[in-house]
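Student: Chains A and B are the protein sequences, given in the same order.
First residue of the first sequence: 0, per numbering that gives the first Met the number 0; consecutive thereafter.
First residue of the second sequence: 0, per numbering that gives the first Met the number 0; consecutive thereafter.
We put the beta carbon where it would ideally sit given N, CA and C, even for glycine.
Here it is, the structure, as structure tokens.
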Amino acid sequence: MPPPVTAENNKLNRRLGVDAFLTFMRVVMSTFVILGLLMFIGQQIDPDNFVASRINPDATGLTAAQFEGLVISGLSQGAMYGLIALGYSMVYGVLGFINFAHGEVFMVGAMTGMITSNKLDESGAWESNFLLSLLFVLVIAIICSTLTAIIMERVAYRPLRGSPRLIPLITSIGVSFFIQNVSVVLLGPGAKSYPTLPEWLSKKRELLGFVTIEGTRLMVLVVAAISMVALWYLVERTKIGKAMRAVAEDKEIASLMGINVNRTIVTTFAVGGAMAGVAGILWGLLFRSVVHTTGFLPGIKAFSAAVVGGIGNMGGAMAGGITLGSAESVAPLILLEPWGIDGVSQLKDAVAFLVLIFVLLVKPTGLFGERLSTEDRA
Amino acid sequence: MSTEDRGPSMSTAFIEEPSDEELPARRMLDQDWRKVFNYGLLLALVLVFVALTNMPVNLDHRMLIEPIFSMGYLSLFWLPAVFGLVVCREPVLAGMPSHAKGSREVLAGSLVGLIGGAGLSVLTFLLDNFNLRDPLVNWSPQLLELLSFQRDTAFGIAIWLPVGLVLGTFGGLAHLLSATVRRMLSWAFASVIAFAIFETVILDLSEGFAWLGAEWLVEELYFIRGGLTMHGAAVLAVVGGLFAAFGRDRAHRAKERFDALEGTSRTRANAIGLLVVAAALVILPLFLGGITNELLANVGLFVLLALGLNIVVGLAGILDLGYVAFFAIGGYTAGILTTTNRGESWPDWMPQFYWGTALVAVVILAALAGLFIGAPVIRMRGDYLAIVTLGFGEIIRLLFLSDWLGGYTGAAQGVTNIPGVQVFGLATVKGTDPRAVFYLVLFFCAIAIYVSWRLERSRLGRAWMAIREDESVAEAMGINTVNAKLMAFVVGAVLASFSGAILAAKVGSVFPNSFIILVSIVILVVVIVGGMGNIAGVIVGSVVLIGILGGPRQPGLLQEFSEYKLLIYGVLLIWMMLKRPEGLVPNVRRTRELHQDEYLQDAWLRGEIDADSEHTDDSHSNGNTGVLPA
């Protein structure tokens, strides 16, 4: 005999210990953030106020210039996360799985950029004709990372379409591992550096009279914005973009409407790969160094950015990237430091993951997303 | 076999004799040229890639058969043969006639080998004429020397074409051999390679068993500076081949007899087998030297970790990528509680604990960590969960590494001066005595195996498997999925923390860098390659991968492979997922789930499913006229 439906065993009404615990965690995390922020504001007003003198005695507060520097570096970092996140988000929208190896596509872009730009530097073209060689490097890197993404899809993911959903995820972990180690065995395990940038690009400049920004960071922001607009145009205004949206909506019906689903999926991977390639070059130019593990953490963080912005939503991916980048750069100082935690810059990566966990706990759909992280897609 | 012959007798007849009717062999030129060409190009690419990874040069000094054959050349030579074999392989379907093999297969194999060889010729030419050393670190004269067989470049360019051709032809010829001959050859080859690879272990064993006259045998078999002797290899090949021809059938029959056993006799047979294995594991280390025992201890640590992850991933289907966090918590808790050199932030009154007592704290903390990490992620779907757990794993490592908690955890210096484990005042288990470590690991592995085995058959284990297959259905069946999943986290965490605690006692120190995400992924590879959800599979996976290739920081038997082991792990992971997601030693139920379509198709072919609602037409129920040969 089935048990009677009562408040006790009705799933909707069932209160579990886990839920209580999660509510508790939400409250604790929110309180921690809000209190940290309040204490930071207090610290800014008076570094020796009675709270700060107890909790964080060496509080000094931040000067406006320091704060501006943090925000700008966070923004430029976040723009790159956003570019990578677009690839995650698009592939997730179309295939419904996380391409763990997408960070490696980004690394391939950075590596090919390193190789080409060093070759150009040797031949002298890097100095004599910087803009043209930069364009050349960009094109080569985009081609290589796009090819990587396409081959990846063809070899590893297409045969697995329709299998249980952990299978492609595990495969993509394998792909990521493989690409990283291919780079180790072919190019060597050491860090490799980009050639120096010309002085006129890397120097600090005044913008609009009140912001001082390093030229390279400005370039990152501009290139990211251009790529974003181009992508928006591609997805919203062209036929292939329409096909992508249709396939993301429903593969079977899209194919009934005469859309070549396979080709559309490949295009999605290619476009995501191209964006990652651009991000790779920007990363290389900004930090001037690449290793085989360059792609791993930015990849994971970009995924977090995609989730924070709402996965499957392109504007959300960019917004998530910027949010995550700035949070990572600013939060250790304005949220953790007031609590008297030392060495906060070491916890930068931890903050990025905490942001992800916090967002998933408080708003599982992400900032702009409609899809639930817990929801199952067929 | 005719279509008139209907009913159950027919369906069993064609299952047992799948290819008693063969179509005539295809003609030599009746090729799928495009496929042959693609395989050739792929082979050329793979060969060039392997050459550029420097594997041939690095492995060249590891001799397999002294003085003619090194592992370096083996790393190149096996590829054309395998590609030559695979290019014409066709799936064998039960009840479907297949073509007889003939000259076509040989030609395809040769062509593939030839194109592959041409790839290496081109590489040899390029190596001689261009310098790409800048991006490609292995673009070296040594590689050129190896590729041209220590002669001039022209010889190298010329020789790879016939070498590829011959090897590819061998691969193609394998199609023509009868099954027995093919099996004999592969066993002969495998036994030579296996004995060459396991040289260290066998030498070690022979020293332990010197009183049996084993040393004499080994001296005959192996060359002094490594590698098999020519006559040793010949003897091994013959023995392996003969075993394949005669011994294997008997082994099969014995296995069938064992499978046929039921009830108490089956239980008894199982118990006897288990006792024999246990006795061997207890007695064998006494005769082994330090290196092998160290290796066994490392394998044991990974068995423990993999058994824990097996519960989380294999049984409950939760992809936990932050599994290393529990390993770290186990290691740090045990380390901090037992060390003589504790961080300055701990209160002075805290005593230095005995390892066994610390283990209680380890279990409690690991279980709490399992709950704490599990609770927020439990409702997320699989891939989100993977990334978030990965994030937790990274957060825990960063916390251990940070200056903030440095007073407690020692930051980058880690926890040092951890004493070994005192066992009833009889012995001290620490890193300098690998045999004792192995026994300690063995003890915990035994516990873990027992726990996994009991859990798998318990109500909880069945709940896990139900959740793995379909969470919504499991919930509808009345399973409390949240609690079951949390339990999986907790059990996995406790097993991993044991491993961490042993590691702390074994190494004498714990560092944050021993607990990078890589460790999680290596354990995942072990579980997947071995066979998700199968205890024996997980053990086999650890022995094969960690024992032979080595763990993230631990060397394996093939120390020459240490540069390539992560690459090989990546390839293995992709390969297993694509071709054999159930692993080397599959779990029966898991295999059915993963290959549901194929099972249904087989059942349909066998005529077991004939009342399928969509296919109840006459031709189908009358014996599959459309599918079977007339």
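(1) Could you tell me the alpha carbon to alpha carbon distance between alanine 99 of chain B and serine 177 of chain B, rounded to whole angstroms?
(2) For chain A, is any of its Cβ atoms less than 8 Å away from the one on methionine 576 of chain B?
(3) State the start and end residues of the unbroken beta strand (DSSP E) segment that holds threonine 332 of chain B.
(4) What residues of chain A sit near serine 513 of chain B, judged by a beta carbon separation below 8 Å?
(5) Please report the residue range of the beta strand (DSSP E) in which isoleucine 212 of chain A lies.
(6) Using a Cβ-Cβ cut-off of less than 7 Å, give me the residues of the region 379 to 394 of chain B that come near chain A, in sequence order.
(7) Quick one, are the C-beta atoms of threonine 170 of chain A and alanine 140 of chain A less than 8 Å apart?
(8) Give me, in chain order, the residues of the same chain whose beta-carbon lies closer than 7 Å to that of glutamate 343 of chain B; leave out the 5 immediate sequence neighbours on both sides.
(9) Helix, strand or coil, according to DSSP, for arginine 204 of chain A in the structure here?
(10) Pull out every residue of the region 332 to 361 of chain B whose Cβ sits closer than 7 Å to any Cβ of chain A, in chain order.
(11) Taking the alpha-carbon positions, what's the glycine 272 of chain B to tyrosine 221 of chain B distance?
(12) For the alpha helix (DSSP H) holding alanine 244 of chain B, just list the boundary residues, first then last.
(13) Distance, Cα to Cα, alanine 43 of chain B vs tyrosine 72 of chain B?
(14) With a threshold of 8 Å between beta carbons, is valine 311 of chain B in contact with chain A?
(15) Confirm, please, whether the CB-CB distance from leucine 166 of chain B to leucine 146 of chain B is below 8 Å.
(16) At a CB-CB cut-off below 9 Å, which residues of chain A make contact with leucine 572 of chain B?
(17) If you measure between the beta carbons of phenylalanine 514 of chain B and valine 323 of chain B, is that distance less than 8 Å?
(18) Less than 8 Å between CB atoms is the rule here; does isoleucine 149 of chain A satisfy it with respect to chain B?
(19) Going by Cα to Cα distance, which pick from B:Leu184, B:Val570, B:Arg579 and B:Pro585 is closest to isoleucine 172 of chain A?
(20) Can a CB atom of chain B be found closer than 8 Å to the CB of valine 4 of chain A?
(21) Give every residue of the same chain whose Cβ lies closer than 7 Å to the Cβ of phenylalanine 286 of chain B, excluding the five residues on either side of it in the sequence, and list them in chain order.
(22) What are the residues of the region 130 to 163 of chain A that lie near chain B, defined by any Cβ-Cβ distance shorter than 9 Å?
(23) To the nearest angstrom, report how far apart isoleucine 378 of chain A and valine 93 of chain A are at their CA atoms.
(24) Just to confirm the assignment, what range does the alpha helix (DSSP H) spanning leucine 565 of chain B have?
(25) Between the region 329 to 339 of chain B and the region 357 to 370 of chain B, are three or more C-beta pairs nearer than 8 Å?
(26) Among A:Glu121, A:Leu130, A:Gly272 and A:Leu34, which one has its Cα closest to the Cα of proline 194 of chain A?
(27) 8 Å is my cut-off, CB to CB: does alanine 349 of chain A come that close to chain B?
(28) For phenylalanine 129 of chain A, which residues in the same chain have their Cβ closer than 7 Å to its Cβ, ignoring the five residues on either side in sequence?
(29) Assess, as a yes-or-no matter, whether the region 298 to 308 of chain A is touched by the region 352 to 366 of chain A under the definition of 3 or more beta carbon pairs within less than 8 Å.
(30) Looking only at its own chain, which residues have a Cβ that is under 7 Å from the Cβ of glycine 289 of chain B, when we skip the five neighbours before and after it?
(31) For asparagine 312 of chain A, which of A:Gly95, A:Val260, A:Leu36 and A:Ala148 has the nearest alpha-carbon?
(32) Pull up the DSSP beta-bridge partners for proline 297 of chain A, would you.
(33) Which same chain residues end up closer than 6 Å to alanine 435 of chain B when comparing Cβ atoms and leaving out the 5 residues on each side of it in sequence?
(34) Please name the residue, chosen from B:Gln553, B:Ala445 and B:Gln141, that lies closest to threonine 293 of chain B on a Cα-to-Cα basis.
(35) Quick check on the burial criterion: 16 or more other C-beta atoms within 10 angstroms. Buried or exposed for tyrosine 91 of chain A?
(36) Can you tell me whether DSSP reads glycine 549 of chain B as helix, strand or coil?
Tutor: Put simply:
(1) Position 100 of the second sequence holds residue 99 of chain B. Position 178 of the second sequence holds residue 177 of chain B. Rounded to the nearest angstrom, the two C-alpha atoms are 12 Å apart.
(2) Start at 1 with the first residue of the second sequence, and residue 576 of chain B comes out as number 577. Closer than 8 Å to some Cβ of chain A, the Cβ of methionine 576 of chain B qualifies, so yes.
(3) Counted from its first residue, the second sequence places residue 332 of chain B at position 333. It is not in any beta strand (DSSP E) - threonine 332 of chain B instead sits in the alpha helix (DSSP H) that spans 323 to 337.
(4) Start at 1 with the first residue of the second sequence, and residue 513 of chain B comes out as number 514. For serine 513 of chain B, there are no C-beta contacts with chain A under 8 Å, since the nearest C-beta of that chain is about 17 Å from it.
(5) Your numbering for residue 212 of chain A matches position 213 in the first sequence. Bounds of the beta strand (DSSP E) holding isoleucine 212 of chain A are 210 to 213.
(6) Met379, Arg380, Gly381, Asp382, Tyr383, Ala385, Ile386, Val387, Leu389, Gly390, Glu393 and Ile394
(7) To locate residue 170 of chain A, count along the first sequence from 1; it is residue 171. To locate residue 140 of chain A, count along the first sequence from 1; it is residue 141. Taking 8 Å as the Cβ cut-off, threonine 170 of chain A and alanine 140 of chain A do not qualify as a contacting pair.
(8) Walking along the second sequence from the start, residue 343 of chain B turns up at place 344. Around glutamate 343 of chain B: Gly406.
(9) Numbered from 1 along the first sequence, position 205 holds the residue referred to as residue 204 of chain A. Reduced to three states, the DSSP call for arginine 204 of chain A is strand.
(10) none
(11) Translated into the one-based positions of the second sequence, residue 272 of chain B becomes position 273. Translated into the one-based positions of the second sequence, residue 221 of chain B becomes position 222. If you take the alpha carbons of glycine 272 of chain B and tyrosine 221 of chain B, they lie about 32 Å apart.
(12) The residue given as residue 244 of chain B occupies position 245 in the second sequence. Here alanine 244 of chain B belongs to no alpha helix (DSSP H), and DSSP marks it neither H nor E.
(13) For the purposes of this step, residue 43 of chain B is taken as the residue at position 44 of the second sequence. For the purposes of this step, residue 72 of chain B is taken as the residue at position 73 of the second sequence. Using only the alpha carbons, I get a separation of about 16 Å.
(14) Residue mapping note: residue 311 of chain B aligns to position 312 of the second sequence, counting from 1. For valine 311 of chain B, the answer is no, since every Cβ of chain A falls outside 8 Å of its Cβ.
(15) Residue numbering aside, residue 146 of chain B sits at position 147 when the second sequence is read from its first letter. Residue numbering aside, residue 166 of chain B sits at position 167 when the second sequence is read from its first letter. Their beta carbons are not under 8 Å apart, which means leucine 146 of chain B does not touch leucine 166 of chain B by this criterion.
(16) Stepping through the second sequence from its first residue, residue 572 of chain B is reached at position 573. Those within 9 Å of leucine 572 of chain B in chain A are Ile169, Thr170, Ile172, Gly173, Val174, Phe176 and Phe177.
(17) Within the second sequence, the letter at position 515 stands for residue 514 of chain B. Within the second sequence, the letter at position 324 stands for residue 323 of chain B. Against a cut-off of 8 Å, the Cβ pair of valine 323 of chain B and phenylalanine 514 of chain B comes out as a contact.
(18) Counting from 1 along the first sequence, the entry for residue 149 of chain A is found at position 150. Cβ-Cβ to chain B under 8 Å: no for isoleucine 149 of chain A.
(19) Here residue 172 of chain A refers to the residue found at position 173 when the first sequence is read from its first residue. The candidate whose alpha carbon is nearest that of isoleucine 172 of chain A is B:Val570.
(20) Position 5 of the first sequence holds residue 4 of chain A. Confidence is the limiting factor: at valine 4 of chain A the pLDDT is only 49, short of 50, which leaves the residue's position unreliable, though a coordinate-based value still follows. Chain B contact via Cβ: absent.
(21) On the second sequence, residue 286 of chain B is found 287 positions in, with the first residue counted as 1. Counting only Cβ-Cβ distances below 7 Å, and skipping sequence neighbours, we find Leu204, Gly207 and Phe208.
(22) Val154, Ala155, Pro158, Leu159, Ser162 and Pro163
(23) With chain A covering only 0 through 377, there is no way to say anything about residue 378 of chain A.
(24) Here residue 565 of chain B refers to the residue found at position 566 when the second sequence is read from its first residue. Taken as a continuous stretch (DSSP letters only), the alpha helix (DSSP H) holding leucine 565 of chain B covers 564 to 578.
(25) yes
(26) Translated into positions along the first sequence, residue 194 of chain A becomes position 195. Here the closest residue by C-alpha is A:Glu121.
(27) Residue 349 of chain A sits at position 350 when you count from the first residue of the first sequence. So, interface residue.
(28) The residue you call residue 129 of chain A lines up with position 130 of the first sequence. Excluding residues within five positions, the ones whose Cβ falls inside 7 Å are Pro197.
(29) yes
(30) Here the question's residue 289 of chain B lines up with position 290 in the second sequence. Correct list, in chain order: Pro433.
(31) As a working mapping, residue 312 of chain A is identified with position 313 in the first sequence. If we check each option's Cα against that of asparagine 312 of chain A, A:Gly95 comes out closest.
(32) The sequence position of residue 297 of chain A within the first sequence is 298, counting from 1. According to DSSP, which records beta bridges pairwise, proline 297 of chain A is partnered with nothing at all.
(33) To locate residue 435 of chain B, count along the second sequence from 1; it is residue 436. Contacts found: Ala426 and Val428.
(34) Here residue 293 of chain B corresponds to residue number 294 of the second sequence, with the count starting at 1. For clarity, residue 293 of chain B is glutamate in the given sequence; the question names threonine instead. Relative to the Cα of glutamate 293 of chain B, the nearest Cα in the group B:Gln553, B:Ala445 and B:Gln141 belongs to B:Gln553.
(35) One-based indexing of the first sequence puts residue 91 of chain A at position 92. Answer is buried; the Cβ neighbour count reaches 16.
(36) Start at 1 with the first residue of the second sequence, and residue 549 of chain B comes out as number 550. Strand at glycine 549 of chain B.
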